[in-house]
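Residues 245 to 382 (my numbering) make up the sequence shown, in order.
The beta-carbon is built from N, C-alpha and C at its ideal position, and this holds for glycine as well.
The structure displayed is predicted, hence computed values, not measured ones.
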Amino acid sequence: MQLASLVTQTSGSNRVWPYQMQCYHCEETLLDNDCSAPKFIVNCTANIQNACQKEVIVGENGVIYRKACASFSTCLIVSAGYQSFCVPGRVGSVCISCCNTPLCNGPRPPRISLAPSHPPTRPTALLLLITVSMATLP
Numbered sequence: 245m246q247l248a249s250l251v252t253q254t255s256g257s258n259r260v261w262p263y264q265m266q267c268y269h270c271e272e273t274l275l276d277n278d279c280s281a282p283k284f285i286v287n288c289t290a291n292i293q294n295a296c297q298k299e300v301i302v303g304e305n306g307v308i309y310r311k312a313c314a315s316f317s318t319c320l321i322v323s324a325g326y327q328s329f330c331v332p333g334r335v336g337s338v339c340i341s342c343c344n345t346p347l348c349n350g351p352r353p354p355r356i357s358l359a360p361s362h363p364p365t366r367p368t369a370l371l372l373l374i375t376v377s378m379a380t381l382p
């Protein structure tokens, strides 16, 4: 998707409104706060900062997040430079990611629960059901 500008008709003349990306922005020193609250939303510089960047640093005391508007090409270069330092979960890890949709550097995705969505079947009830089913077979 090319991010350029929007053209609208106003009183018979064309008016150009630059596309303005929105991102989360913070230099968060509070550990484990991924700064995805509405108060961290900023408007990026139109037609210059066309992407969002997220930096995740794993320290000895927890995770620190840095988020900002960025130029997509610059972000990709920086991200590639830090690729060898990105080992999620390891102390000292620095992971930088880039994205180009509004607020894409936002909340962490929800954790996938491995817990069953229904109560487990009791083995004795299951065994009884199998026994009854087999007893009715010809």
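With at least 16 other beta carbons inside 10 angstroms of its own, K298 counts as buried. For the set C267, T345, Y268, E272, the Cα lying nearest the Cα of I308 is the one of E272. Assigned with DSSP and collapsed to three states, A281 falls in coil, not helix or strand. Exclusion of the five residues before and after V286 leaves H269 as the residues of its chain whose Cβ lies within less than 6 Å of its Cβ. The residue from K311, S341, M265, G325 with its alpha-carbon nearest to that of D278 is K311. Distance from the CA of L347 to the CA of S323, rounded to the nearest whole angstrom, comes to 18 Å.
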